[in-house]
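These protein sequences, in sequence, are chains A and B.
Taken in order, the first sequence gives residues 1 to 122; the numbers are from this note's numbering.
Taken in order, the second sequence gives residues 123 to 244; the numbers are from this note's numbering.
Even for Gly, the Cβ is constructed at its ideal location relative to N, Cα and C.
Keep in mind it's a predicted model, so treat the numbers as computed, not measured.
Below is one structure; the comments refer to it alone.
There are 2 protein chains.
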Amino acid sequence: MGVVHRFIGREGAFGWEGKAPEEYVTETAKGASINWLIGPREEAPHFAIRYIEVEPGGHTSLDNHEHEHGVMILKGKGRVLMGQEEVEVGFGDILFVPGSERHRFRNAGDEPFGFLCVIPRL
Amino acid sequence: MGVVHRFIGREGAFGWEGKAPEEYVTETAKGASINWLIGPREEAPHFAIRYIEVEPGGHTSLDNHEHEHGVMILKGKGRVLMGQEEVEVGFGDILFVPGSERHRFRNAGDEPFGFLCVIPRL
Numbered sequence: 001m002g003v004v005h006r007f008i009g010r011e012g013a014f015g016w017e018g019k020a021p022e023e024y025v026t027e028t029a030k031g032a033s034i035n036w037l038i039g040p041r042e043e044a045p046h047f048a049i050r051y052i053e054v055e056p057g058g059h060t061s062l063d064n065h066e067h068e069h070g071v072m073i074l075k076g077k078g079r080v081l082m083g084q085e086e087v088e089v090g091f092g093d094i095l096f097v098p099g100s101e102r103h104r105f106r107n108a109g110d111e112p113f114g115f116l117c118v119i120p121r122l
Numbered sequence: 123m124g125v126v127h128r129f130i131g132r133e134g135a136f137g138w139e140g141k142a143p144e145e146y147v148t149e150t151a152k153g154a155s156i157n158w159l160i161g162p163r164e165e166a167p168h169f170a171i172r173y174i175e176v177e178p179g180g181h182t183s184l185d186n187h188e189h190e191h192g193v194m195i196l197k198g199k200g201r202v203l204m205g206q207e208e209v210e211v212g213f214g215d216i217l218f219v220p221g222s223e224r225h226r227f228r229n230a231g232d233e234p235f236g237f238l239c240v241i242p243r244l
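So, in structure tokens, the structure goes:
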């Protein structure tokens, strides 16, 4: 049978049974974690789905890489830099960040800002 | 700049600005719709993200195809057949259906059952 990762609702943060978030450490990230929900461990051949959460006051790296992102906002409020523009986002908003476009996800509220982020298998 | 599809919260159903769901018509599907949020129109080169919604009493096709699915449940309650087993799912649960595994998503509640479904570019 396929794989099920059960959602664990927690106050202020999302989690899944058997899945531990890792700190998202880069020179320019602050207060961000990443949880690989579907990826190499599930032997997913073509894509990965990660849950990224950013603390109030935090942000992901200022990134610019070849692969694209498909994103759905799940929790909190954010400001997302894509190219030269920054947009405000909240629950349910869908973003597509093309390859080689500069981007950064910033928490713009006072609760955790969380989103699903799909990438091709790298 | 990248693409933003704004979420439109509606009672009983999810929607996005500028995105119309299509009826999911197959011989074995019943009461299901599909909304392509990220895919060929966004020029996504490697994967697509769709929102699939199933009415109470409805279900998707009994499918068995080469490509895999990555799924997150967003709304309602469902029963998902994967291989020989059926599992109950609700908000936040993550599923990975490997390629060539038989699967079907059935609404098991009295409100719409909705989920994100990622596939590789076909």
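Item: Proximal residues to G39 of chain A (C-beta, below 6 Å), its chain only, five neighbours per side dropped; Value: A48
Item: Spatially closest choice to K75 of chain A from A:I52, A:V3, A:F113, A:E85, by CA coordinates; Value: A:F113
Item: Residues bridged to E175 of chain B [DSSP beta-bridge criterion]; Value: B:S155, B:G236
Item: Selection of the stretch 164 to 179 of chain B by Cβ proximity to chain A, strictly under 9 Å; Value: E164, E165, A166, P167, H168, F169, A170, I171, Y173
Item: Spatially closest choice to A142 of chain B from B:S222, B:G221, B:S155, by CA coordinates; Value: B:S155
Item: From A:D63, A:R50, A:G92, A:G70, residue whose alpha carbon lies closest to that of V89 of chain B; Value: Coverage of chain B is limited to positions 123 through 244, which leaves residue 89 of chain B absent and any answer about it impossible.
Item: I8 of chain A classed as buried or exposed, judged by whether at least 16 other C-beta atoms fall within 10 angstroms; Value: exposed
Item: Counted within 10 angstroms of its Cβ, other Cβ atoms place E190 of chain B as buried (16 or more) or exposed; Value: buried
Item: Classification of T60 of chain A by the beta-carbon crowding that lies within 10 angstroms, buried from 16 upward; Value: buried
Item: Residue nearest to F105 of chain A in terms of C-alpha spacing, selected from A:M72, A:R41, A:R79; Value: A:R79
Item: Anticipated Cβ contact below 8 Å, M72 of chain A with I94 of chain A, distance rounded; Value: 5 Å
Item: Against chain A: residues of the stretch 149 to 160 of chain B by CB proximity under 9 Å; Value: L159, I160
Item: Beta carbon proximity, G92 of chain A to chain B, threshold 9 Å; Value: yes
Item: Cross-chain neighbours of G231 of chain B in chain A, by beta carbon under 9 Å; Value: Near G231 of chain B there are no residues of chain A at all, since even the closest Cβ is about 16 Å away, more than 9 Å.
Item: A108 of chain A versus E88 of chain A: straight-line alpha-carbon distance, rounded; Value: 8 Å
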